[in-house]
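Below is one structure, written out as structure tokens, with a few remarks after it.
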Amino acid sequence: MTTVSAPGKVYLFGEHAVVYGEPAIPCAIDRRATVTADLREDDHIRVRAADLTLDGFTVEYAGSVGGQPDVAVPEELVDAAMGYIDAAVAAVRSAVEDPQLGFDLTVTSELPLGAGLGSSAAVVVATIDAASRACGAPLDRRRLAQLAYEAEAAVQGGNASRADTFASTMGGAVRVEGDQTQMLAAPQLPFVVGYDGGAGETGALVAAVRALCETHPPAARVIETIGRVVSEGEQLLAAAPHDDPPSESLLTELGGLMDINHGLLAALGVSGQSLEAMVWAAREAGAVGAKLTGAGGAGCIVSLDPTPETTRALRYTPACVEVFRAELDTDGARVEPR
Ligand code: MEV
Numbered sequence: 112m113t114t115v116s117a118p119g120k121v122y123l124f125g126e127h128a129v130v131y132g133e134p135a136i137p138c139a140i141d142r143r144a145t146v147t148a149d150l151r152e153d154d155h156i157r158v159r160a161a162d163l164t165l166d167g168f169t170v171e172y173a174g175s176v177g178g179q180p181d182v183a184v185p186e187e188l189v190d191a192a193m194g195y196i197d198a199a200v201a202a203v204r205s206a207v208e209d210p211q212l213g214f215d216l217t218v219t220s221e222l223p224l225g226a227g228l229g230s231s232a233a234v235v236v237a238t239i240d241a242a243s244r245a246c247g248a249p250l251d252r253r254r255l256a257q258l259a260y261e262a263e264a265a266v267q268g269g270n271a272s273r274a275d276t277f278a279s280t281m282g283g284a285v286r287v288e289g290d291q292t293q294m295l296a297a298p299q300l301p302f303v304v305g306y307d308g309g310a311g312e313t314g315a316l317v318a319a320v321r322a323l324c325e326t327h328p329p330a331a332r333v334i335e336t337i338g339r340v341v342s343e344g345e346q347l348l349a350a351a352p353h354d355d356p357p358s359e360s361l362l363t364e365l366g367g368l369m370d371i372n373h374g375l376l377a378a379l380g381v382s383g384q385s386l387e388a389m390v391w392a393a394r395e396a397g398a399v400g401a402k403l404t405g406a407g408g409a410g411c412i413v414s415l416d417p418t419p420e421t422t423r424a425l426r427y428t429p430a431c432v433e434v435f436r437a438e439l440d441t442d443g444a445r446v447e448p449r
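Residue numbers (my numbering): 112 to 449.
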């Protein structure tokens with residue numbers, strides 16, 4: 112039996128544009144998905160998943176996703192979660208060249224599905240790492256990140272960047288630009304996350320942005336401009352001393368860029384009413400910057416505020432069902448004690 116956990120993430124800058132080869136800076140946060148893997152004697156996969164949404168589900172199937180789980184959560188979210196787990200198992204079978212491998216997998220997660228916190232990447236990374244270890248073939252981190260990226264891209268019909276899976280594997284703040292991935296030095300930023308209780312469908316949102324860029328050339332300029340915002344943010348981080356806490360001027364400058372990044376994402380049509388309500392509640396409460404995180408539509412915003420004001424304001428914002436402080440998690444995927 113092997114248990115591995117992997118962190119979720121928020122995007123400081125650059126979601127969507129990263130799909131077109133622009134740079135992005137996602138940051139792993141201290142909320143995780145955890146997967147326990149046991150090798151089975153047959154080729155079945157049995158998945159027990161608690162906490163992926165409000166209720167848990169259990170499904171057993173042979174070879175590929177087929178069984179209909181008995182659940183009280185939106186079917187598309189369950190199908191999506193099962194699709195990611197299925198792709199992760201396929202990656203392990205192919206990495207160890209044994210298509211007959213079967214696993215009992217128990218998945219728990221502190222990350223709501225499809226809410227912009229990288230839940231699917233965290234589940235994929237933790238599943239691949241735990242399952243490969245369970246069959247005695249641990250992977251090094253770069254290979255783990257590569258396989259997780261390929262699995263996520265397969266589920267999302269090729270519409271995926273390396274950002275979520277690389278951040279979840281390595282931890283900390285990372286920079287992703289096309290196939291180039293690197294870890295960044297970054298101070299502990301005072302993230303406040305607001306969650307509207309909803310979810311956006313990454314594949315559909317990425318496809319909608321692609322369609323917009325094809326029909327409206329100015330949208331493609333918006334993507335390039337997001338890339339410039341990310342580069343400026345990266346320069347700010349590189350120039351800043353990485354002491355704790357970060358200076359007020361660094362926060363103000365990063366926050367200003369987050370606001371611009373959010374406006375550009377809204378121009379691409381991936382914001383939503385509840386995300387806007389939370390972004391504005393955070394700004395009015397004194398957050399130095401606020402933006403949606405991840406694919407958008409619904410889900411989470413991330414803001415920067417070292418004071419308790421944004422947390423307090425979001426608690427009283429009707430659109431927000433949960434608010435929490437998130438810390439940069441530098442651990443990445445890690446084996447958990449039994
Ligand atoms: C989803 O968390 C982020 C997107 O940029 C898609 C991707 O990078 O794969 C929208």
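Every residue, glycine too, gets a C-beta built ideally from N, C-alpha and C. Just so you know, these numbers come straight off a predicted model, no measurement behind them.
Item, Value
"If we require 4 or more residues per run, which alpha helix (DSSP H) segments fall completely within the segment 259-336?", "274-281, 313-326"
"Using a C-beta cutoff of 8 Å, does D442 count as contacting chain B?", "Annotation note: the requested chain B is absent from the structure, which comprises a single protein chain."
"What residue range is occupied by the uninterrupted alpha helix (DSSP H) comprising A396?", "384-396"
"Along the chain, where does the alpha helix (DSSP H) containing R143 start, and where does it finish?", "Premise fails: R143 lies in the beta strand (DSSP E), 136-150, not in any alpha helix (DSSP H)."
"So for H373, helix, strand or coil by DSSP?", "helix"
"Can you tell me the Cβ-Cβ gap for V129 and A274, rounded? I've got them flagged as a contact below 8 Å.", "5 Å"
"Distance, Cα to Cα, L258 vs I239?", "8 Å"
"If I follow the unbroken alpha helix (DSSP H) through S116, where does it start and stop?", "Here S116 belongs to no alpha helix (DSSP H); instead the beta strand (DSSP E) covers 113-124."
"With a threshold of 8 Å, are at least 3 pairs of Cβ atoms found where one atom belongs to the segment 260-272 and the other to the segment 143-162?", "no"
"Is it the case that the Cβ atoms of L228 and V121 are separated by a distance below 8 Å?", "yes"
"Just to confirm my understanding: we take E364, look at its own chain, exclude 5 residues before and 5 after, and list those with CB closer than 6 Å. What are they?", "L347"
"Alpha carbon to alpha carbon, how far is V381 from V340? Give it in angstroms, no decimals.", "17 Å"
"Look at the alpha carbon of L216 and the alpha carbon of F302, and state the distance between them as a whole number of angstroms.", "32 Å"
"Pick helix, strand or coil for A206, following the three-state DSSP scheme.", "helix"
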